[in-house]
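Report on the following structure.
Protein chains: 2
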Amino acid sequence: MPNPTAAMIVIGDEILSGRTRDANMHYLAGQLTEMGVDLKEVRVVSDSAADISEAVQALSRRYDHVFTSGGIGPTHDDITADCVAAAFDRPIDVRDDAKALLAAHYEKTGRELNAARLRMARIPEGAVLIDNPVSIAPGFTIENVHVMAGVPSVFKAMVASVLPQITGGAPLLSDTQRIDRGEGDIAGPLAALAEKFNDLSIGSYPFQDNGVYGANIVVRGTDRARINAVMAELKDIFA
Amino acid sequence: MPNPTAAMIVIGDEILSGRTRDANMHYLAGQLTEMGVDLKEVRVVSDSAADISEAVQALSRRYDHVFTSGGIGPTHDDITADCVAAAFDRPIDVRDDAKALLAAHYEKTGRELNAARLRMARIPEGAVLIDNPVSIAPGFTIENVHVMAGVPSVFKAMVASVLPQITGGAPLLSDTQRIDRGEGDIAGPLAALAEKFNDLSIGSYPFQDNGVYGANIVVRGTDRARINAVMAELKDIFA
């Protein structure tokens, strides 16, 4: 059975303006690979309602899971929850269980559950809350879309809450061989190897290291013995 | 006149598997912001011909410029040039001027211009070469799509070659105010400010710093005086 597939939507002008370097994509990619869910596509979109809704619609149709990052806080530029609700044509409003979580949290910390904070209890109808042990305001899952915060520490905590609910596949295993020769010198034998082991993915990632040309050959697959067989051949060919 | 718009396509399984953390998106985003080109969307797609061609078609129709990163080397997994040619329904073959660049380079460095390296001279019909002072093998521009290498040093060199050919807009200016209070406490006044200065983009980016909740308020626009006016009001309100 093929592995489940996934896509990610990173929401935020701060990434597209170059102000912030995204960290959540790299984190989620590693987590999904470990559990055998194939991340097939990531889209970074701006804080625009139409763009967010369109990406949610397109990707939720195409992949088994969609993970979003960003735009669920209390400020005016946090529009993700409303956009996801709109994408599925669902009403959205403050929900009692989410409000209760926030009320208990702010009472304990002596802060006011004001109108802005109450926005974080707006949940589309039919969604399931995603636990947030870091800052309490929950994410949510609706259909196959998992809506999470952008702050990396909160994103990680929500990923830890939601991934155990998801059925994984065969974890993607990999091994890497560094070859200190130009890609052009190794491309021929490498292509032959990729054809012979066509059940595996064999990628060549070139680098330049103080004027030395080389490539990391990364072999990926779900069968350790097959990967070992490629690695042995690689060593024979490029020794 | 509104600024020109752009999208980026990052090609590579190594990003989606979490093996590599992308660096080119962050770099290009900063460069485009400086010259007044609005980066509106980034897609990270796998080494799949259909996915690459579809992303090129969709984004080249929608935005003024599309920049791609990755998949133009000599190995079997380098399929970007062919996918871009297919997206525009153009023939692709080894081109004399690109071949001459490679021949001169490899003669000088005493390496062979073999069949694999010659693949890097495959250029879609009607494209304009993008200069690569780092490792010579050129990128290319076809229609509004700029096809560049994934190795960060080469990507940067190609960006430096291609951006001067592009007409920019009003550079996006920004200023940031750090406020050491929870977003929920500042959201109300901030929304009022965003409404008052609706020609600017006012974003709130929350953080947690050793248990302290705070937010960086980033004000973006093309008019320095207007940005300064917001910053002054921010200081008044949240002093």
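Protein chains in written order, with full-length UniProt numbering: chain A, 1 to 239; chain B, 1 to 239.
Quick reminder that beta carbons are idealized off the backbone N, C-alpha and C, glycines included.
{"Query": "Pairwise C-alpha distance: Ile15(A) and Phe67(B)", "Result": "16 Å"}
{"Query": "Closest residue to Leu59(B) among Gln165(B), Val42(B) and Ala192(B) (Cα-Cα distance)", "Result": "Val42(B)"}
{"Query": "Beta carbon proximity, His26(B) to chain A, threshold 8 Å", "Result": "yes"}
{"Query": "Cβ-Cβ separation, Gly12(B) to Asp47(B) (assumed contact under 8 Å), whole Å", "Result": "7 Å"}
{"Query": "Reduced DSSP secondary structure (H/G/I, E/B, other) of Pro206(A)", "Result": "strand"}
{"Query": "Under 8 Å between C-beta atoms of Ser69(A) and Gly168(A)", "Result": "no"}
{"Query": "Beta-carbon separation (whole angstroms), Pro206(A) vs Glu183(A), contact threshold 8 Å", "Result": "5 Å"}
{"Query": "Beta carbon proximity, Arg43(B) to chain A, threshold 8 Å", "Result": "yes"}
{"Query": "Test item: CB-CB of Gly139(A) and Val147(A) under 8 Å", "Result": "yes"}
{"Query": "Residues near Ile237(A) by beta carbon distance below 7 Å, same chain, minus five either side", "Result": "Pro189"}
{"Query": "Residues of its chain near Lys108(A), where Cβ-Cβ distance is below 8 Å and the 5 sequence neighbours each way are ignored", "Result": "none"}
{"Query": "Closer than 7 Å: Gly214(A) CB and nearest the ligand GDP heavy atom", "Result": "Absence of the ligand GDP from the depicted structure is noted, as is the absence of any ligand whatsoever, leaving it without description."}
{"Query": "Which residues DSSP lists as bridging His76(B), in chain order", "Result": "Answer is none; His76(B) lacks a bridge partner."}
{"Query": "Contact list for His65(A) against chain B, beta-carbon separation under 9 Å", "Result": "By Cβ distance, chain B contributes nothing, its closest Cβ being about 14 Å from His65(A), past 9 Å."}
{"Query": "Three CB pairs or more closer than 8 Å across the region 172–186 of chain B and the region 207–216 of chain B", "Result": "yes"}
{"Query": "Within-8 Å CB hit, Ser17(A) to chain B", "Result": "yes"}
{"Query": "Gly30(A): first and last residue of the uninterrupted alpha helix (DSSP H) it sits in", "Result": "Asn24 to Met35"}
{"Query": "Residues of its chain near Pro124(A), where Cβ-Cβ distance is below 8 Å and the 5 sequence neighbours each way are ignored", "Result": "Ala81, Val84, Ala85, Phe88, Arg90, Pro91, Ile92, Phe140 and Ile142"}
{"Query": "Listed by chain order, chain A residues near Phe207(B) by CB distance under 8 Å", "Result": "Val151"}
{"Query": "Nearest candidate by alpha-carbon position, reference Asp199(B), set Val94(B), Ala225(B) and Gln57(B)", "Result": "Ala225(B)"}
{"Query": "Interface flag, His105(B) vs chain A, CB-CB below 8 Å", "Result": "no"}
{"Query": "Nonlocal neighbours in the same chain, by C-beta distance under 6 Å from Leu39(B), ignoring five residues either side", "Result": "Ala6, Ala29 and Leu32"}
{"Query": "4-residue-minimum alpha helix (DSSP H) runs that sit fully inside the region 111–153 of chain A, ordered along the chain", "Result": "115–118"}
{"Query": "Inter-residue Cα distance where the pair is Val218(A) and Leu173(A)", "Result": "10 Å"}
{"Query": "Residue-chain proximity (Thr68(A), chain E), Cβ-Cβ < 8 Å", "Result": "Absence of chain E from the displayed structure is noted, the protein chains being A and B."}
{"Query": "Backbone CA spacing between Leu102(A) and Val94(A) [nearest angstrom]", "Result": "11 Å"}
{"Query": "Below-8 Å beta-carbon distance, Ala160(A) vs any chain B residue", "Result": "no"}
{"Query": "Chain B residues whose Cβ lies nearer than 9 Å to that of Ile204(A)", "Result": "Rather than Ile, the amino acid found at residue 204(A) in this sequence is Ser. The contacting residues are Gly73, Pro74, Thr75, His76, Asp77 and Asp78."}
{"Query": "Identified DSSP bridge partners for Thr68(B)", "Result": "Ile9(B) and Val147(B)"}
{"Query": "DSSP bridge partner residues for Gly214(A) (one or two, in chain order)", "Result": "Phe207(A)"}
{"Query": "Reference Tyr63(B); option with closest CA among Leu129(B), His26(B), Ala49(B) and Ile9(B)", "Result": "Ile9(B)"}
{"Query": "CA nearest to the CA of Met25(B), picked from Phe155(B), Ala127(B) and Asp96(B)", "Result": "Phe155(B)"}
{"Query": "C-beta neighbour in chain A for Thr33(B), strict 8 Å", "Result": "yes"}
{"Query": "Counted within 10 angstroms of its Cβ, other Cβ atoms place Arg117(B) as buried (16 or more) or exposed", "Result": "buried"}
{"Query": "Contact residues within the region 213–225 of chain B, judged by C-beta distance below 8 Å to chain A", "Result": "Tyr213, Ala215, Val218 and Arg220"}
{"Query": "Spatial distance of Val159(B) from Ile166(A) (CA atoms)", "Result": "40 Å"}
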